[in-house]
Amino acid sequence: LLLFSFTSGETQCNKDGLLQGQKIDSPLSEIGIRQSEAAGQYLRDVKFTNVFVSNMKRAKQTAEIIVRNNRTCHDIELVADPSLKERNFGIAEGGRVIEMKNLAKAAGQPLPEFTPPEGETMEQVKVRIKDFLKAMFQRIANDHQDKIQDGEIPDETDRAPAGLPDDGVLNVPVHALVVGHGAYMSIAIRYFFEDVKCPMPRGLDAAQRYSICPNTGMCRFIITLKCSNAGLALSDLKCVFINRRDHIKS
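For reference, each letter of the sequence shown is one residue, going 1 to 250 in UniProt numbering.
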């Protein structure tokens with residue numbers, strides 16, 4: 001299974017330096033639409049078998065634009081899952097991002113680990129991530145039982161990615177596109193590296209691993225699943241790349 005995660009395009013709140021989280025359900029800005037169109041063109045020949053998306057406007061718009069530009073998945077169902085919603089930032093939502101940074105500094109905590117009053121902790125977000133993965137595995141089992149079998153797949157992570165849209169796609173039968181949000185995806189990446197013990201790909205340093213996922217930032221992971229009486233479970237995880245934005249022209 002290939003997991004291709006993607007953060008939503010820019011909104012006006014992003015442009016204005018405001019913290020959105022869950023309470024502000026804003027649509028894409030004009031720049032966000034152009035970013036998503038560029039991503040759709042970049043990925044137009046990459047085949048996706050499933051699409052999962054946060055039920056927030058900016059993520060759904062981004063997913064719809066990518067699918068519309070894709071040559072292979074026009075009729076694919078977009079499965080909206082609230083487990084993919086952005087992190088809840090509590091009382092900090094709607095305020096300026098710099099104010100959140102100041103709160104974290106005053107608390108003596110790194111920004112990603114700081115939880116504003118009434119906000120969602122990293123551990124609570126991880127629970128949602130695990131809930132989503134479980135639901136995704138079950139959906140994939142239902143949709144692609146004929147393609148799923150235990151065993152190893154060719155490991156393309158031993159060599160540096162070539163910088164192409166289909167890096168890591170070779171010989172992997174199921175390819176899920178997941179469209180979510182920056183803070184959520186950053187915690188998911190951290191969960192994969194720290195909790196699941198996914199090895200870092202070549203050329204990636206720790207600073208990149210912990211950086212915030214940018215608007216329309218792309219990540220790709222290869223997931224090996226194992227079948228059991230309880231259903232599908234994660235057996236192995238490899239990272240192809242994270243936070244790539246090759247579709248954005250300077």
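Idealized CB from N, CA, C, for every residue including glycine.
Bridge partners of residue i, per DSSP?
{"i": "V178", "result": "S5 and F52"}
{"i": "T224", "result": "D236"}
{"i": "G231", "result": "S228"}
{"i": "M200", "result": "Paired residues: none, contrary to the question."}
{"i": "T11", "result": "L28"}
{"i": "R244", "result": "M218"}
Measure the C-alpha to C-alpha separation of residue i and residue j and round it to an integer number of angstroms.
{"i": "S5", "j": "K130", "result": "15 angstroms"}
{"i": "P140", "j": "N102", "result": "One point to set straight first is that residue 140 is Ile, not Pro, in the sequence displayed. Between I140 and N102, the C-alpha separation is close to 42 angstroms."}
{"i": "D45", "j": "Q12", "result": "30 angstroms"}
{"i": "G168", "j": "V240", "result": "6 angstroms"}
{"i": "K147", "j": "N171", "result": "11 angstroms"}
{"i": "residue 253", "j": "D25", "result": "Only positions 1 to 250 of the chain appear in this structure, which leaves residue 253 out of reach."}
{"i": "A92", "j": "S211", "result": "20 angstroms"}
{"i": "T7", "j": "I76", "result": "19 angstroms"}
{"i": "P165", "j": "D16", "result": "31 angstroms"}
{"i": "L1", "j": "A176", "result": "7 angstroms"}
{"i": "E30", "j": "T49", "result": "29 angstroms"}
{"i": "V67", "j": "H181", "result": "17 angstroms"}
{"i": "residue 257", "j": "D246", "result": "Since the first residue of the chain shown is 1 and the last is 250, residue 257 is not available in this structure."}
{"i": "N14", "j": "R58", "result": "11 angstroms"}
{"i": "P201", "j": "E194", "result": "14 angstroms"}
{"i": "F132", "j": "E99", "result": "31 angstroms"}
{"i": "E156", "j": "L3", "result": "Residue confidence is low: E156 scores 48 on pLDDT, short of 50, so the model does not pin down where it sits. Its coordinate-derived value is still stated next. Looking at the two C-alpha atoms, the distance is approximately 14 angstroms."}
{"i": "G40", "j": "L78", "result": "15 angstroms"}
{"i": "S228", "j": "L234", "result": "11 angstroms"}
{"i": "M122", "j": "L232", "result": "25 angstroms"}
{"i": "A135", "j": "A207", "result": "31 angstroms"}
{"i": "T72", "j": "F137", "result": "22 angstroms"}
{"i": "Q109", "j": "V127", "result": "22 angstroms"}
{"i": "I248", "j": "A38", "result": "7 angstroms"}
By Cβ distance, which residues of its chain are closer than 7 angstroms to residue i, with the 5 residues on each side in sequence left out?
{"i": "V125", "result": "R87, Y184 and I187"}
{"i": "G90", "result": "P116, P117, E118 and G119"}
{"i": "L237", "result": "F192, V196, C198, F221 and I223"}
{"i": "F114", "result": "L103, A104 and A107"}
{"i": "C213", "result": "T7, G182, M185, S186 and N243"}
{"i": "G21", "result": "E86, R87, N88, F89 and E93"}
{"i": "D150", "result": "Because D150 carries a pLDDT of 48, less than 50, the predicted location of this residue cannot be relied on, and no value is offered for it."}
With respect to the beta strand (DSSP E) encompassing residue i, which residues constitute its N-terminal and C-terminal limits?
{"i": "A80", "result": "L78 to A80"}
Can you give me the start and stop residues for the alpha helix (DSSP H) that residue i sits inside?
{"i": "N142", "result": "M122 to D143"}
{"i": "L170", "result": "L170 -> no alpha helix (DSSP H), and no H or E assigned at all."}
{"i": "S36", "result": "E30 to Y42"}
{"i": "L20", "result": "The sequence given here places Gln at residue 20; Leu does not occur at that position. It is not in any alpha helix (DSSP H) - Q20 carries neither H nor E in the DSSP assignment."}
{"i": "E99", "result": "V97 to A106"}
{"i": "R87", "result": "No alpha helix (DSSP H) contains R87, which DSSP labels as neither H nor E."}
{"i": "A63", "result": "K57 to N69"}
{"i": "Q208", "result": "A206 to R209"}
Tell me which residues share the same chain as residue i and place their Cβ nearer than 6 angstroms to its Cβ, disregarding the 5 neighbours each side in the sequence.
{"i": "residue 252", "result": "For residue 252 there is no data in the structure shown, the boundaries of the chain being 1 and 250."}
{"i": "V219", "result": "Here residue 219 is Cys; the residue named in the question, Val, does not match the sequence. Hits under 6 angstroms: S5 and I242."}
{"i": "N55", "result": "A80 and P82"}
{"i": "P112", "result": "none"}
{"i": "N70", "result": "R44"}
State the CB to CB distance for the pair residue i and residue j, rounded to an integer number of angstroms; the pair is presumed to be in contact (CB under 8 angstroms).
{"i": "V97", "j": "L19", "result": "5 angstroms"}
{"i": "V174", "j": "H144", "result": "5 angstroms"}
{"i": "residue 263", "j": "K60", "result": "Residue 263 lies beyond the range of the chain shown here (1 to 250); nothing can be said about it."}
Excluding the 5 residues preceding and the 5 following residue i in the sequence, name in chain order all residues of the same chain whose CB lies nearer than 8 angstroms to its CB.
{"i": "G95", "result": "L18 and L19"}
{"i": "R209", "result": "I189, R190, F193, M200 and I242"}
{"i": "H74", "result": "V67 and R68"}
Is any beta-carbon of chain D found at less than 7 angstroms from that of residue i?
{"i": "V51", "result": "In summary, chain D is missing from the structure at hand, where a single protein chain is found."}
For residue i, verify whether its CB is less than 6 angstroms away from any heavy atom of the ligand MG.
{"i": "R34", "result": "The model depicted lacks the ligand MG and carries no ligand whatsoever."}
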